[in-house]
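Mapped onto my numbering, the consecutive letters of the sequence shown carry residue numbers 0 to 706. Reading through the structure tokens given below for one structure.
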Amino acid sequence: MKSRSKWTKKASSGVTPANAPVRNRTYSPLDETDIARIEGDVEGMGDLRIASAGDLPVAPTDESSTKPSMAEIFGPGGLLEKCHGGYEFRRSQQEMAEIIEAAFREKKHAMVEAGTGTGKTLGYLIPAIRSGRRIVVSTATKSLQEQLYTKDVPFLQRHFAPELNVAVMKGRNNFVCRAKVHHLAGEGQAFLRGLDELDWFTQIRDWEKLTETGDRAELNFLPDDNELWPRLDARRDTCTGQKCPEFNQCFLTKMHQRAREADIIIVNHHLFFADLALKQDDFGSILPEYSAVVFDEAHEIEDVASDYFGRQISNYRFEELARDTEHVLRIAGLSSASLLKRAAQLKERSRSFFDAFPAKDGRFPFDANERAGFLERHREAYDDLVQAVKRLETDLSALPKKPDEVINIARRASELRGELTFLLEQTEKNNVYWFERRNKGVFVTATPIDVSELLREQLFAQFDTVVLTSATLAVGGRFDYVKQRLGVDAARERVLAHEFDFGTQAMLYIPRELPDVRDPGFVPAASEEIARMLEITRGRAFCLFTSYNQMKEVHERVKRMVRFPLFLQGTAPRSALLDRFKNTPGSVLFATASFWQGVDVPGEQLSCVIIDRLPFAVPSDPIVAARVKALLDDGRNAFAEYQVPEAVLALKQGFGRLIRARSDRGALCILDNRIQRKQYGRIFIESLPEYKITQDIAEVKRFMQHL
Numbered sequence: 000m001k002s003r004s005k006w007t008k009k010a011s012s013g014v015t016p017a018n019a020p021v022r023n024r025t026y027s028p029l030d031e032t033d034i035a036r037i038e039g040d041v042e043g044m045g046d047l048r049i050a051s052a053g054d055l056p057v058a059p060t061d062e063s064s065t066k067p068s069m070a071e072i073f074g075p076g077g078l079l080e081k082c083h084g085g086y087e088f089r090r091s092q093q094e095m096a097e098i099i100e101a102a103f104r105e106k107k108h109a110m111v112e113a114g115t116g117t118g119k120t121l122g123y124l125i126p127a128i129r130s131g132r133r134i135v136v137s138t139a140t141k142s143l144q145e146q147l148y149t150k151d152v153p154f155l156q157r158h159f160a161p162e163l164n165v166a167v168m169k170g171r172n173n174f175v176c177r178a179k180v181h182h183l184a185g186e187g188q189a190f191l192r193g194l195d196e197l198d199w200f201t202q203i204r205d206w207e208k209l210t211e212t213g214d215r216a217e218l219n220f221l222p223d224d225n226e227l228w229p230r231l232d233a234r235r236d237t238c239t240g241q242k243c244p245e246f247n248q249c250f251l252t253k254m255h256q257r258a259r260e261a262d263i264i265i266v267n268h269h270l271f272f273a274d275l276a277l278k279q280d281d282f283g284s285i286l287p288e289y290s291a292v293v294f295d296e297a298h299e300i301e302d303v304a305s306d307y308f309g310r311q312i313s314n315y316r317f318e319e320l321a322r323d324t325e326h327v328l329r330i331a332g333l334s335s336a337s338l339l340k341r342a343a344q345l346k347e348r349s350r351s352f353f354d355a356f357p358a359k360d361g362r363f364p365f366d367a368n369e370r371a372g373f374l375e376r377h378r379e380a381y382d383d384l385v386q387a388v389k390r391l392e393t394d395l396s397a398l399p400k401k402p403d404e405v406i407n408i409a410r411r412a413s414e415l416r417g418e419l420t421f422l423l424e425q426t427e428k429n430n431v432y433w434f435e436r437r438n439k440g441v442f443v444t445a446t447p448i449d450v451s452e453l454l455r456e457q458l459f460a461q462f463d464t465v466v467l468t469s470a471t472l473a474v475g476g477r478f479d480y481v482k483q484r485l486g487v488d489a490a491r492e493r494v495l496a497h498e499f500d501f502g503t504q505a506m507l508y509i510p511r512e513l514p515d516v517r518d519p520g521f522v523p524a525a526s527e528e529i530a531r532m533l534e535i536t537r538g539r540a541f542c543l544f545t546s547y548n549q550m551k552e553v554h555e556r557v558k559r560m561v562r563f564p565l566f567l568q569g570t571a572p573r574s575a576l577l578d579r580f581k582n583t584p585g586s587v588l589f590a591t592a593s594f595w596q597g598v599d600v601p602g603e604q605l606s607c608v609i610i611d612r613l614p615f616a617v618p619s620d621p622i623v624a625a626r627v628k629a630l631l632d633d634g635r636n637a638f639a640e641y642q643v644p645e646a647v648l649a650l651k652q653g654f655g656r657l658i659r660a661r662s663d664r665g666a667l668c669i670l671d672n673r674i675q676r677k678q679y680g681r682i683f684i685e686s687l688p689e690y691k692i693t694q695d696i697a698e699v700k701r702f703m704q705h706l
């Protein structure tokens, strides 16, 4: 007889209680044609395999049962402690589980700020499993996705929930398209560019026959920036869905089949909001039906939602359309001189149009007046591009007996032309229009100024339980800011007590004598202060900056003052820099926004975090400026209601890099003394843990020597 789950305990009666949870199995079938509409650039997520309970040993339990309480699971001497030799009771973890279980039971939303060390994943996974509902867990970082799938889920299956099914879903461009591999294999070497591509394709072709997932993450030999993978991946632009001869063996089909059978589906925020945006436009869905969602790292969802409810074109999209047109026409045997000419003209017209944008890297406003002026100066380049796309679309649509791949290309051309004319000629009140030049790319974007109403209608009103958790959700101990930005009207709210003794483990140093951060003398004085701090901490530090230019200038000054190995963001890939920092004793990393969160360096190697200034968003950024203006136009205080809370959450993320375990110790330093001079600084201090605070560097030296 199969063992029952340990979610049950011995009871006096021999029957299953009437209120035992029942799995919902009323799932509607997915339409692969609708699924195919999702953009193929969603970032990757963990493994695709279903966590199968049948592969794991299960301890027998008594058949007579009722559910144990959260205290009996998480508390001292409880089930978790009995199953896990290294388990430590954490009151905040138990409290979190109780709050979330109540939210599932009462069908309410919940917001929980839980710091590092709480054990958040078990704190929400156990209530999710016990709810008897299909739950989507959405997270932001690959490291957390890997932890969920490879550590937490197998542990729960082994000891508590042997029949639990968990699936991980990823974006389309993470998977190889079998049809494309077979087509390219049949064409020989004609469309492979050089010996490297020939070698890579040979390995991919052999791998495609053996892999169970088709996930690019398995290909450790393939460079990130190679041009072969985009010609082989399963992005929607060339997908024919159920009409494809490989549909039943397609890796995407298998992924969706696994998800339909799963109790818990792990996604990332990008995929979740891509799905939500499709549902808003009545384009179907990517995810199977679910009844509740848990957002881990929920502080990031406003920005991700803004991306997916907005609209964007780029020179890359036009270049890919032209390239894919040539490729599909050759495969279909339709590559006439006139059609190939149309594709070549599209490349040329696209290049001329996007070259008209200013050459300087950065993000710039592109409101109605600026777009009108741009079109007045570059009307010919714009009209030429619109006509080039339209002619390609018309000629492809006119082909007799055309295959589905050609129909898809024509559809893409129509959609892209519509996006182009919308972004250059139309205005929606709730959107901010802007463009960005980044390396070789030019991006023209319309972003919602406020996503709160969209999320209120599409998310919080549609699902009776949405759980938001992160180490950084509250400002001054309250959730008002996040609730207002995300459209949460009512929720269970709790800021959990920290599991670390920050007063003993860390000291916050705020130099008294430094100039104001806006003073020309700030950079040289800050550089000297950083050098003094590094001598005290013997390197082993992150120096985090809000400005890329200021980071480079301070780095140049500090490297002449100290002998520690210094690493600079931008000189190598992010992952390579982090590995070098971890493996180089006494090293120092100079970095900007991308290292403020999602970076974990426990132990002595990171003993100091230095932040140059309070991380207020750049006021000239088009999205920030538009959101500030919207609040001001509404008669509200944009600085207090938006700019300060955003900076508080960012500062909490930056300081969160230092103390990652009970054994971690170190110094925190913020060089911006406005945190003590200005009235709003009190909000920052109240939002941070109870660090020991000093303005005396000698006290920092004594603290570090004592450690």
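C-beta: ideal position from N, C-alpha, C; glycine also.
Here Ala-490 has His-108, Ala-109 and Met-110 as same chain residues with Cβ atoms under 6 Å from its own Cβ, once five neighbours each way along the sequence are excluded. Residue state for Pro-621 is assigned as helix, using DSSP reduced to three classes. Cβ neighbours of Lys-691 within its own chain (closer than 6 Å, five residues either side excluded): Gly-502 and Met-506. Bounds of the beta strand (DSSP E) holding Cys-668 are 665-669.
Beyond the five residues adjoining it in sequence on each side, Thr-426 comes within less than 7 Å, by CB distance, of Ala-367 in the same chain, given in chain order. Here DSSP, grouped into helix, strand and coil, assigns Ser-546 to coil. Closest option to Glu-375, judged by alpha-carbon separation, among Gln-386, Lys-359, Ala-355 and Leu-391: Ala-355. DSSP, read as helix, strand or coil, puts Gly-361 in strand. In its chain, beyond the 5 residues on either side, Leu-472 have a beta carbon closer than 6 Å to the beta carbon of Val-481. Here His-298 is not near Ser-142, since their CB atoms are 8 Å or more apart. In this structure, Asp-383 keeps its C-beta atom at 8 Å or more from the C-beta atom of Ser-337.
In the structure shown, Ser-606 falls within a coil segment according to DSSP collapsed to helix, strand and coil.
Taking a 10 Å sphere around the C-beta of Gly-114, we find 16 or more other C-beta atoms and assign the residue as buried. DSSP lists Phe-442 as the bridge partner or partners of Ser-313. Within 10 angstroms of the beta-carbon of Val-327 lie 16 or more other beta-carbons, which makes it buried. Residue Phe-434 holds the alpha-carbon nearest to the alpha-carbon of Pro-621 among Asp-302, Val-266 and Phe-434. Straight across, the Cα-Cα distance linking Glu-640 with Leu-454 is about 19 Å.
Not a single unbroken stretch of the alpha helix (DSSP H) spanning 4 or more residues falls wholly within the segment 205-229. Leu-251 and Arg-235 have their C-alpha atoms spaced approximately 11 Å apart. If you draw a 10 Å sphere on the C-beta of Gln-704, you find fewer than 16 other C-beta atoms in it, and that means exposed. Bounds of any alpha helix (DSSP H) do not take in Thr-464; it lies within the beta strand (DSSP E) bounded by 464-469.
Rounded to the nearest whole angstrom, the C-alpha separation of Glu-527 and Met-560 is 8 Å. Between the segment 190-198 and the segment 257-275 there are fewer than three inter-stretch CB-CB distances shorter than 8 Å, so the stretches are not counted as touching. By DSSP's assignment, Thr-138 forms a beta bridge with Asn-267. With fewer than 16 other Cβ atoms from the protein chains shown falling within 10 Å of its own Cβ, Asn-225 counts as exposed. Going by C-alpha positions, Asp-611 is about 15 Å away from Gln-694. A Cβ-Cβ separation of about 31 Å leaves Arg-133 out of contact with Glu-498 under the 8 Å criterion. Taken through DSSP and simplified to helix, strand or coil, Asp-295 comes out as strand. For Ala-387, no beta strand (DSSP E) encloses it; the enclosing alpha helix (DSSP H) starts and ends at 367-396. Three or more Cβ pairs closer than 8 Å define a contact, and the segment 577-586 meets that threshold against the segment 552-567. If you look at Thr-252, you'll find it in the alpha helix (DSSP H) that goes 250-259. For Ala-496, no alpha helix (DSSP H) encloses it, and the DSSP letter there is neither H nor E. The beta-carbon distance between Ala-102 and Val-466, rounded to whole angstroms, is 6 Å. This is short enough to meet the 8 Å contact definition.
For Tyr-480, the enclosing alpha helix (DSSP H) begins and ends at 479-485. Taking the C-beta atoms as reference points, Thr-117 is found nearer than 8 Å to Ser-91.
Phe-174 is bridged by DSSP to Asp-214.
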